[in-house]
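Numbering (my numbering), first residue to last: 42 to 129.
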(Lines of atoms letter the chains of each structure in order from A and count residues from 1; the text may use other names and numbers.)
(Lines give C-alpha, C1' and ligand atoms only; values in the text may rest on other atoms or scores of the structure.)
Protein backbone atom coordinates (compact mmCIF):
# COMPACT_ATOMS: atom_id res chain seq x y z
CA UNK A 1 0.00 0.00 0.00
CA UNK A 2 1.09 3.57 -0.51
CA UNK A 3 1.61 5.73 2.58
CA UNK A 4 0.14 8.93 1.13
CA UNK A 5 -3.27 7.51 0.30
CA UNK A 6 -6.15 6.39 2.50
CA UNK A 7 -7.84 3.12 1.60
CA UNK A 8 -11.64 3.10 1.94
CA UNK A 9 -14.25 0.35 1.59
CA UNK A 10 -17.76 0.25 0.10
CA UNK A 11 -16.79 0.94 -2.59
CA UNK A 12 -13.12 0.04 -2.55
CA UNK A 13 -11.01 3.10 -3.32
CA UNK A 14 -7.93 5.15 -2.48
CA UNK A 15 -8.29 8.82 -1.52
CA UNK A 16 -5.86 11.69 -1.16
CA UNK A 17 -6.09 15.47 -0.77
CA UNK A 18 -3.05 17.54 -1.70
CA UNK A 19 -2.31 21.15 -0.77
CA UNK A 20 -0.12 23.27 -3.04
CA UNK A 21 1.55 26.62 -2.35
CA UNK A 22 -0.11 28.46 -5.21
CA UNK A 23 -2.26 28.16 -8.31
CA UNK A 24 0.75 27.62 -10.58
CA UNK A 25 1.70 24.44 -8.73
CA UNK A 26 -1.92 23.23 -8.78
CA UNK A 27 -2.21 23.89 -12.51
CA UNK A 28 1.10 22.17 -13.25
CA UNK A 29 0.00 19.08 -11.33
CA UNK A 30 -3.40 18.97 -13.08
CA UNK A 31 -1.78 19.20 -16.51
CA UNK A 32 0.66 16.41 -15.72
CA UNK A 33 -2.12 14.28 -14.18
CA UNK A 34 -4.17 14.68 -17.36
CA UNK A 35 -1.21 13.49 -19.44
CA UNK A 36 -0.71 10.49 -17.14
CA UNK A 37 -4.40 9.58 -17.34
CA UNK A 38 -4.30 9.63 -21.14
CA UNK A 39 -1.13 7.53 -21.19
CA UNK A 40 -2.38 4.94 -18.69
CA UNK A 41 -6.08 4.94 -19.65
CA UNK A 42 -6.93 5.37 -15.97
CA UNK A 43 -9.15 8.29 -14.98
CA UNK A 44 -9.43 9.20 -11.29
CA UNK A 45 -12.20 11.30 -9.82
CA UNK A 46 -10.69 14.70 -9.07
CA UNK A 47 -11.91 17.97 -7.64
CA UNK A 48 -9.80 21.03 -7.12
CA UNK A 49 -9.60 24.60 -5.97
CA UNK A 50 -6.94 27.26 -6.26
CA UNK A 51 -4.40 25.48 -4.04
CA UNK A 52 -5.70 21.94 -3.53
CA UNK A 53 -6.63 18.77 -5.38
CA UNK A 54 -8.73 15.91 -4.01
CA UNK A 55 -8.43 12.56 -5.78
CA UNK A 56 -10.20 9.23 -5.61
CA UNK A 57 -8.88 6.13 -7.36
CA UNK A 58 -11.21 3.20 -7.98
CA UNK A 59 -10.27 -0.26 -9.28
CA UNK A 60 -10.97 -0.71 -12.99
CA UNK A 61 -13.70 -3.25 -12.23
CA UNK A 62 -16.41 -2.28 -9.75
CA UNK A 63 -16.29 -4.22 -6.47
CA UNK A 64 -12.72 -5.32 -7.18
CA UNK A 65 -10.13 -4.94 -4.44
CA UNK A 66 -7.35 -2.37 -4.62
CA UNK A 67 -4.63 -4.13 -6.59
CA UNK A 68 -1.13 -3.45 -7.85
CA UNK A 69 -2.27 -1.43 -10.87
CA UNK A 70 -4.16 1.07 -8.68
CA UNK A 71 -1.26 1.31 -6.25
CA UNK A 72 1.21 1.80 -9.13
CA UNK A 73 -0.97 4.61 -10.49
CA UNK A 74 -1.17 6.22 -7.02
CA UNK A 75 2.62 6.12 -6.80
CA UNK A 76 2.92 7.77 -10.21
CA UNK A 77 0.54 10.50 -9.03
CA UNK A 78 2.70 10.96 -5.92
CA UNK A 79 5.71 11.57 -8.17
CA UNK A 80 3.76 14.20 -10.13
CA UNK A 81 2.77 15.92 -6.89
CA UNK A 82 6.39 16.21 -5.79
CA UNK A 83 7.44 17.51 -9.22
CA UNK A 84 4.69 20.16 -9.19
CA UNK A 85 5.72 21.31 -5.72
CA UNK A 86 9.20 22.14 -7.00
CA UNK A 87 7.81 24.73 -9.46
CA UNK A 88 9.01 28.18 -8.40
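C-beta: ideal position from N, C-alpha, C; glycine also.
Rounded separation between residue i and residue j - CA only
i	j	result
residue 57	residue 50	14 angstroms
residue 68	residue 108	29 angstroms
residue 66	residue 102	32 angstroms
residue 80	residue 110	14 angstroms
residue 123	residue 90	18 angstroms
residue 96	residue 85	7 angstroms
Assumed close pair residue i, residue j - CB separation to whole angstroms, cut-off 8 angstroms
i	j	result
residue 52	residue 99	7 angstroms
residue 92	residue 60	6 angstroms
residue 47	residue 119	The pair is not a contact, with the Cβ atoms about 13 angstroms apart (cut-off 8 angstroms).
Per DSSP, the bridge partner or partners of residue i
i	result
residue 94	59 and 89
Where residue i sits in the DSSP three-state scheme
i	result
residue 51	coil
residue 80	helix
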